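Just below is one structure, and these are the notes that go with it.
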Amino acid sequence: MKAKRLAIVIMLLCLGLLGCTTNGGKDVTERNNKIEEPKTDDGSNSEKEKTENKADQNEIETSEDTKESFTIDIGDGKHSFKVVMEAKPFEDGEEGEFFDSALNISIYDINDLSSPVQVIEDKTLDSLFKDYEIVDANFDGYKDFCYVHIRGNANYYCRFWIWDPKSGKFMESPDLSEISMPQFDNDLKVVKGYWRSSAAANETRYYKYIDGKLTCVRYLEMGNPDGEGMQTLIVEDYVEGKLVEVFREKALLTEEYEGEVYDRFFKWLDLNYHGE
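Using mature numbering (1 follows the signal peptide of the UniProt record, and there is no 0), the letters of the sequence shown correspond one by one to residues -25 to -1, 1 to 251.
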């Protein structure tokens, strides 16, 4: 068990060094932590009863910590679901490298909670899955959901489940799951990813769905400064079906990123800008 915990700690430290909740507009269900205190009648309760009450209280807290639920309205006027996520101990023989629990996701029709219409099996570390989001992740007009799957010191990655109107089920999106700290702009239909490897170095990526495929359409990099404090700034833009380097300059790193080079670099954060 100690070795397993050590492996998990090492994994998280590595993720932090490599650069690898969300966020506004998040549909989050408040946890109910109001546990009623056991009543006593002037010492009439025995020590055994107090111990049992304390044990019951601890069980409730543990249950809340390993479960999360929310409702999701797909937006098609026909489908609404209750999603119940629960972390459970691994079964005998089941390996969980970098994770410590199995994650069971049961999806119920909101009008029939007798049995789930879909069950998803995943893995989790502690209670990362409780940090979830309901979002139209592929901009098709239907709601999807995701939850934090891996988190390092600086970055995190989510597991995405996309509503498929043809099958009437949620399907995993591996491409979205590879984006660090994803943000969604429904107006521009753009997914933004941000990856940080140090206080100064970071990468920003913008994605669009082109012919149904998630495609990186712009990449910006602020590298680690060299021994003289000079930082290399790089921009790649999507031109004729591929990313092409369109900007590469060095600037003396300052706390506020001041100077003409930084000004020219930051213009590329606007996707409507394609150079002078």
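Cβ atoms here follow ideal geometry from the backbone N, Cα and C, with glycine treated the same way.
Just so we're clear, the structure is a prediction, and the values are computed from it rather than from any experiment.
Q: Tell me where the alpha helix (DSSP H) around LEU151 begins and ends.
A: 149 to 152
Q: Would you list the residues sitting across from MET205 in a DSSP beta bridge?
A: LEU227
Q: Just confirm the distance between the C-beta atoms of ASN79 and GLU108, as a whole number of angstroms; I'd bet it's less than 8 Å.
A: Not really, about 19 Å apart at Cβ, beyond 8 Å.
Q) For ASN130 versus TRP170, is the C-beta distance shorter than 8 Å? A) yes
Q) Given GLY50, which residues of its chain have a CB within under 7 Å of its CB, disregarding the five upstream and five downstream residues? A) GLY116, TYR117, LYS118
Q) If we ignore side chains and look at the alpha-carbon of each, how far apart do MET156 and CYS133 end up? A) 8 Å
Q. Do the CB positions of ASP106 and VAL123 come within less than 8 Å of each other?
A. yes
Q: Look at TYR181 and LEU189 and say whether their C-beta atoms are less than 8 Å apart.
A: no
Q: Could you check which residue in PRO149, ASN199, SER148 has the C-alpha nearest to that of ILE209?
A: ASN199
(Q) Would VAL58 and PHE74 qualify as a contact pair, given that the criterion is a beta-carbon distance under 8 Å? (A) no
**Q.** Beta bridge counterpart(s) of MET146 as assigned by DSSP
**A.** ILE137
Q: Measure how close the beta-carbons of MET146 and ILE154 come, nearest whole angstrom, since I'm counting them as under 8 Å.
A: Not really, about 17 Å apart at Cβ, beyond 8 Å.
(Q) Between which two residues does the beta strand (DSSP E) holding ASP97 run? (A) 93 to 99
**Q.** Host alpha helix (DSSP H) of TYR237 (start-end)
**A.** 235 to 241
(Q) Could you tell me the alpha carbon to alpha carbon distance between residue 253 and LYS242, rounded to whole angstroms? (A) A question about residue 253 goes unanswered here, because the residues of the chain that appear run from -25 up to 251.
Q: Look up SER172 in the DSSP assignment and give the residues it is bridged to.
A: Paired residue(s): none; SER172 is not in a bridge.
(Q) Does LYS53 come out as helix, strand or coil in the three-state DSSP assignment? (A) coil
Q: With TYR194 as the anchor, note down where its beta strand (DSSP E) starts and where it stops.
A: 188 to 197
Q) Can you check whether the CB of PHE56 is closer than 8 Å to the CB of ASP101? A) no
Q) Among GLU220, GLN206, PRO91, ASN86, which has the Cα closest to the Cα of PRO53? A) Contrary to the premise, residue 53 reads as Lys rather than Pro in this sequence. Selected option, being the one with the closest Cα: ASN86.
Q | Residues bridged to PHE120 [DSSP beta-bridge criterion] | A | ILE109, TRP136
**Q.** Local conformation of residue 252 per DSSP, three classes
**A.** The question about residue 252 has no answer here: the residues shown for the chain are numbered -25 through 251.
Q: Tell me whether ARG193 is buried or exposed, calling it buried when 16 or more other Cβ atoms sit within 10 Å of its Cβ.
A: buried
Q) Can you give the Cα-Cα distance for ASN161 and ILE185, rounded to whole angstroms? A) 15 Å
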